[in-house]
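Just below is one structure, and these are the notes that go with it.
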Amino acid sequence: MALKVFIMATPLEKWVDEQARLFEPKHIYWCDGSEGEARRLIEMGMKEERIGQHDIFRELNHKLWPKAYLHRSHPTDVARTEHLTFVCHSDREATGPNNNWMDPKEAGELMTKLSKGAMRGKTMYVLPYMMGHPDSPYAKACVQVTDVSYVAISMRIMTRLGKRIVNKIGKSDNFVKGVHSVGDFDPNKRYIMHFPEEGLVWSVGSGYGGNALLGKKCFSLRIASWLGYKQGWLAEHMVIIGVEDLHGSVTYITAAMPSACGKTNLAMLESALPEYKVYTVGDDIAWLNIGPDGRLWAINPEAGFFGVAPGTSMKTNPNMIRTLKNSNFYPTIFTNVGLNTDTNEPWWEGLDGPVPEHMVDWQGQPWDKTQTTKAAHPNSRFTVSLTNCPTLSREYDNPKGVPISAIILGGRRSQLIPLITEAFNWEHGVFLGARMGSETTAAAAGKVGVLRRDPMAMLPFCGYNMGLYFRHWINMGRLMTHPPRIYAMNAFRLDEKGRFLWPGFGENIRILKWIIDRVNGKAGAKETPLGFVPDINTFPVDGAGVPRGNLQQLIEVRPGEWQGEVQDIKGFLDRFGNHLPYEIRNDFNRMSARLQKSQET
Ligand code: GTP
Ligand code: SPV
Ligand code: MN
6 MALKVFIMAT PLEKWVDEQA RLFEPKHIYW CDGSEGEARR LIEMGMKEER
56 IGQHDIFREL NHKLWPKAYL HRSHPTDVAR TEHLTFVCHS DREATGPNNN
106 WMDPKEAGEL MTKLSKGAMR GKTMYVLPYM MGHPDSPYAK ACVQVTDVSY
156 VAISMRIMTR LGKRIVNKIG KSDNFVKGVH SVGDFDPNKR YIMHFPEEGL
206 VWSVGSGYGG NALLGKKCFS LRIASWLGYK QGWLAEHMVI IGVEDLHGSV
256 TYITAAMPSA CGKTNLAMLE SALPEYKVYT VGDDIAWLNI GPDGRLWAIN
306 PEAGFFGVAP GTSMKTNPNM IRTLKNSNFY PTIFTNVGLN TDTNEPWWEG
356 LDGPVPEHMV DWQGQPWDKT QTTKAAHPNS RFTVSLTNCP TLSREYDNPK
406 GVPISAIILG GRRSQLIPLI TEAFNWEHGV FLGARMGSET TAAAAGKVGV
456 LRRDPMAMLP FCGYNMGLYF RHWINMGRLM THPPRIYAMN AFRLDEKGRF
506 LWPGFGENIR ILKWIIDRVN GKAGAKETPL GFVPDINTFP VDGAGVPRGN
556 LQQLIEVRPG EWQGEVQDIK GFLDRFGNHL PYEIRNDFNR MSARLQKSQE
606 T
């Protein structure tokens, strides 16, 4: 009698099979994460695959930019599209006023319709990856399918991707699922759909950054924030840095800032003060857990940088230029930058040196500096491995993470908001975060420069009702024996002539120094209606080229100008109705009363 052996498919294999039956790809390819594979995919992207009229990859000058490739996206697909991004809890209340909502069943049907046969003639790449170090108790296993090599290559840079993750998942069905197809790039058929209860992200119609690299904003923030709410941790849009002093003592700090407001720059800041050095742990996302010691510990779930190109130079962010010119890791990708056609180098506004003579713009059209358009798209980006970074912290791969002493919550405000403010206590800090506003940037589709409330820089990324999110933050503070101190920061205040009052970049170390001194009880402060601001006489501004008068303007609170702001904050907080924690409401009332009082005196 013949012996029949049945090999049972694992839940992962079954799930991939289901996707294949829906999308009907010509080939299915499981990525192993090897360098040889990356080489092959790039080759294919240079010769076989195209987006519109462009090859997926184009080799750049490898003598000057080792292992660098240029990618041009579809012209309608250049930033996250928040109006097409949905969070589908079965209970609409759980989604909150901060997200678009669709009934999960209806959303599933819509996405099934858009996905049917969408990969015909194409390859479906299966990407098994981990957010966080595979040995970290805080890490999560994920699998994404996609139909474009650009996404496969980018995910290999941005996450810990490889065959070993398939073994780690094994027979379990405990992995976060990402389904991605570029479809035909039709903006009318573009949706980025989140199903937090299922641990599923389903994205069709966009190949761009946060819409397509599903491990990033979709999973590590939207789905993860919901997991954190249920499991007692926080997933945040934050930088993680270690600041080392002359004695070798390192203080770890996280900082939340909205998209394109300075996180990457802060993460690899080259210190203007010789007694400090900044080490990079992460530049965009932090997962925060309470450790056994009652402190807050942070890991960076990512393995790469997906940074804004324009404005990056040896002057503003030398460590990023060094990262991009480093050749440790294969490869580095530039998306939607301009191209110097004489030297085959990438180019963007703000890069060092003169504007090249012969150029094409981000869409490959002839361009010269007399044109009013930009050569690089304002949201053009590079994708590069953390391991290329000369300031990478030794602790970045520590499965336990790093212990956090201070949290900075920042925004881009041309008026009103002081350079730096220390919260009176944790709850007040949560209020400072909840009332945060920022002027919009090119990182998301829509108008640039409009003020919008963006609590903890999480408005587009919180995968549930922000009222519950504020409650969760307050509760987290109560669970810690040593909560970090909380600070509000604004490096973008302007003078009457519209010039930045603060030089920013490497000079931001002075703000970090003040914070570290405060944490260690060594720096003075002045109480204002908003919180504590630096004492102008002791703030370490010497050598920054900032006159004391400007410093005065930078930290000034002018209660007479706050009426509109107070109303706007109130209107925003009211949107959360009964879900708004009473502690936030109380702190709002106390702030209004303090502003009122100081205006009268
Ligand atoms: P995302 O990747 O979108 O999350 O952005 P990010 O927060 O990492 O922003 P990034 O550091 O890439 O900075 C975006 C823009 O702000 C660039 O044009 C920078 O040159 C500019 N910028 C960064 N830091 C400062 C600063 O301290 N002062 C000023 N004036 N501009 C800054
Ligand atoms: C952001 O917009 O905050 C980014 C880029 O970091 S994206 O991956 O597109 O979200
Ligand atoms: Mn970001």
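Numbers in the numbering used here are just positions in the sequence shown, counted from 1, shifted up by 5. Note that the Cβ used here is the ideal one computed from N, Cα and C, for glycine as well.
Taking 7 Å as the cut-off, is the C-beta of residue i nearer than that to any heavy atom in the ligand MN?
i, result
"Asp-608", "The displayed coordinates of the chain run from 6 to 606. Any statement about residue 608 would go beyond what the structure contains."
"His-242", "yes"
"Ser-264", "yes"
Do you know how far the Cα of residue j is from the Cα of residue i?
i, j, result
"Ala-448", "Phe-311", "12 Å"
"Thr-377", "Ile-158", "33 Å"
"Asn-591", "Ile-574", "13 Å"
"Thr-100", "Ala-291", "22 Å"
"Thr-15", "Ser-141", "24 Å"
"Met-107", "Thr-117", "14 Å"
"Pro-404", "Arg-553", "44 Å"
"Ser-254", "Gly-569", "43 Å"
"Asp-402", "His-138", "6 Å"
"Arg-227", "Gln-149", "16 Å"
"Leu-205", "Thr-269", "28 Å"
"Glu-561", "Arg-515", "17 Å"
"Arg-63", "Gly-41", "18 Å"
"Leu-424", "Ile-520", "12 Å"
"Lys-52", "Ser-443", "43 Å"
"Leu-329", "Asn-179", "35 Å"
"Met-136", "Pro-545", "38 Å"
"Ala-172", "Phe-224", "The residue asked about is misnamed: residue 172 is Asn in this sequence, not Ala. Computed Cα separation, rounded: 21 Å."
"Phe-190", "Leu-239", "33 Å"
Let me know if residue i comes out buried or exposed under the rule of 16 or more other beta-carbons within 10 Å of its beta-carbon.
i, result
"Val-455", "exposed"
"Tyr-587", "exposed"
"Val-453", "exposed"
"Arg-45", "exposed"
"Ala-598", "exposed"
"Asp-357", "exposed"
"His-67", "exposed"
"Pro-395", "exposed"
"Gly-550", "exposed"
"Thr-388", "buried"
"Pro-192", "exposed"
"Gln-572", "exposed"
"Gly-175", "exposed"
"Glu-432", "buried"
"His-252", "exposed"
How about residue i and residue j: are their beta carbons less than 8 Å apart?
i, j, result
"Tyr-213", "Thr-164", "no"
"Phe-339", "His-76", "yes"
"Thr-256", "Ile-245", "no"
"Tyr-281", "Lys-121", "no"
"Gly-536", "Ala-380", "no"
"Leu-559", "Leu-506", "yes"
"Glu-275", "Trp-70", "no"
"Gly-355", "Pro-383", "no"
"Val-283", "Asn-305", "no"
"Asn-495", "Ile-589", "no"
"Pro-465", "Glu-54", "no"
"Tyr-2", "Pro-336", "Given that the chain is displayed from residue 6 to residue 606, the structure contains no residue 2 and the question cannot be resolved."
"Asp-540", "Lys-531", "yes"
"Trp-367", "Asn-341", "yes"
I want to check one thing, is the minimum distance from the CB of residue i to the heavy atoms of the ligand GTP below 7 Å?
i, result
"Ala-84", "no"
"Thr-285", "no"
"Lys-268", "yes"
"Gly-309", "no"
"Pro-315", "yes"
"Thr-445", "no"
"Thr-543", "no"
"Thr-321", "yes"
"Phe-436", "no"
Between residue i and chain B, is any beta-carbon pair separated by less than 8 Å?
i, result
"Ala-303", "Included in the structure is just one protein chain, with no chain B present."
Quick check: does the Cβ of residue i come within less than 7 Å of any heavy atom belonging to the ligand SPV?
i, result
"Lys-221", "yes"
"Gly-214", "yes"
"Phe-218", "The residue you asked about is not Phe; residue 218 is Leu in the sequence shown. Yes."
"Ala-448", "yes"
Item to check | Segment contact, 8 Å Cβ cut-off, at least three pairs: the stretch 219-239 with the stretch 155-173 | outcome: yes
Item to check | Contact the stretch 468-477 vs the stretch 90-109: 3+ CB pairs below 8 Å | outcome: yes
Checklist entry - Between the stretch 170-190 and the stretch 408-419, do three or more beta carbon pairs fall short of 8 Å? => result no
Next on the checklist: Does the stretch 501-508 come into contact with the stretch 259-275, if we say contact requires no fewer than three beta-carbon pairs (one atom in each stretch) closer than 8 Å?
Outcome noted: no
Checklist entry - Is the stretch 363-377 touching the stretch 327-346, taking contact as three or more C-beta pairs under 8 Å? => result yes
Checklist entry - Three or more beta-carbon pairs under 8 Å between the stretch 124-132 and the stretch 29-41, yes or no? => result yes
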